[in-house]
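A short write-up of the structure that comes next.
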Amino acid sequence: ATGSSFINWGWVLTPQPNSIPTDGSTINVWVDSVNIGHPTYNIYRPDIATLFPDYNNSNGAVGYFYLDTTVYADGVHTIHWTATDSGGNTDGIGSRYFSIQNTGAENKQKARLQTINYNINRIAELPIDDSASIRIKRGFRENIEPIRISPDDKGISRIELKELERLEIKLANEEADITGYIVVGSKLLPLPIGSTIDATSAKFCWIPSPGFLGEYRFVFVEKDKNGNLKRKYVTINIVPKY
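Take -10 as the starting number for the sequence shown in the numbering used here and just add one per residue.
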């Protein structure tokens, strides 16, 4: 994928008696687990209309979204579509890995993503933040109240997540810079493809792709406005959806 107007297509239907608003206002597009807007919806495609004649939206099931790939770093990313019908049912309707290559283009994403790298030995020397709670949201609904999770006696904040469920973690206030890693044994690895850590809002967002099950250990390093550093451990246990 390249350029500022890369087009992404999808289609959405829901069983009777429910329907999808034709303006696409309840369909969301997520790139790297962050909601970036609604597609243009209500486009006719003959094969879908023929296959699903009894659905309310069968004559306008298709939508498209223009993606500005220049605001993302080159490499592999994820894109998800979710939809909510008139009955309040929300579900994912498709996800993909895709690659961005904009050689020579200005990259706007770097300004808000982590720019500091640490090694495991340096992180081990930092004090553990074992007192402050984190705030989390699960799922694709954004108008829900966050849940507070406090660290256990080992200083680890533990989260259980259903397979394919979106997670948003508020790690600190906006005055802190956040860097994050997956911990595997004694190694620090990059955050999962499709996740985002936003240094300006101190939020970590992740929609685990198919195949992510079990425990994943994360360490986040917080740098406050005075330059003080501390580490925060989070373990995410992903369980089967059904």
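From the three backbone atoms N, C-alpha and C, an ideal C-beta is built for every residue, glycine too.
All values reported here derive from a predicted model rather than from experimental measurement.
Closest to glutamate 149 by CA distance: which of Ile225, Arg206 and Thr15 is it?
-> Residue mapping note: residue 149 aligns to position 160 of the sequence shown, counting from 1. For glutamate 149, the nearest C-alpha among the options comes from Ile225.
Could you name the residues of the same chain whose beta carbon sits closer than 8 Å to that of isoleucine 68, not counting the 5 residues immediately before and after it, in chain order?
-> Taking the sequence shown and counting its residues from 1, one reaches residue 68 at position 79. For isoleucine 68, where only same-chain residues beyond five positions count, the Cβ hits under 8 Å are Asn(-3), Val18, Trp19, Val20, Leu56, Ser84, Arg85 and Phe87.
Nearest-angstrom Cβ-Cβ length linking leucine 177 and isoleucine 109, presumed shorter than 8 Å = Looking up residue 177 in the sequence shown gives position 188. Looking up residue 109 in the sequence shown gives position 120. At roughly 5 Å, the Cβ-Cβ gap stays under 8 Å, so leucine 177 and isoleucine 109 are in contact.
Are there 16 or more other CB atoms within 10 angstroms of the CB of alanine 191, so buried, or fewer, so exposed?
-> Residue 191 sits at position 202 when you count from the first residue of the sequence shown. By the 10 Å Cβ count, alanine 191 comes out buried.
DSSP state of leucine 40 mapped onto helix, strand, coil | Numbered from its first residue, the sequence shown carries residue 40 at position 51. Helix, per DSSP.
Measure the CB-CB distance between tyrosine 170 and phenylalanine 207 and report whether it falls below 8 Å.
-> As a working note, residue 170 is residue 181 in the sequence shown. As a working note, residue 207 is residue 218 in the sequence shown. Yes.
So, using beta-carbon positions, are lysine 230 and glutamate 164 closer together than 8 Å?
-> If you number the sequence shown from 1, residue 230 lands on position 241. If you number the sequence shown from 1, residue 164 lands on position 175. No.
Applying the criterion that 16 or more other CB atoms from any shown protein chain within 10 Å of the CB defines a buried residue, is glycine 174 buried or exposed?
-> Reading the sequence shown from its first residue, position 185 is the one you call residue 174. By the 10 Å Cβ count, glycine 174 comes out exposed.
Would you list the one or two residues that DSSP bridges to asparagine 226?
-> Position 237 of the sequence shown, counted from the start, is the residue given in the question as residue 226. Asparagine 226 pairs with Glu149 and Glu204.
Within the segment 34 to 91, ranges of the alpha helix (DSSP H) (whole runs, at least 4 residues) | If we require 4 residues or more, the alpha helix (DSSP H) runs fully inside the segment 34 to 91 come out as 35 to 40.
From the DSSP output, in three-state form, read off isoleucine 182 for me.
-> Taking the sequence shown and counting its residues from 1, the one referred to as residue 182 is at position 193. It is coil, neither helix nor strand.
Alpha-carbon to alpha-carbon, arginine 111 and threonine 79 | If you number the sequence shown from 1, residue 79 lands on position 90. If you number the sequence shown from 1, residue 111 lands on position 122. Taking the straight line joining both Cα atoms gives about 43 Å.
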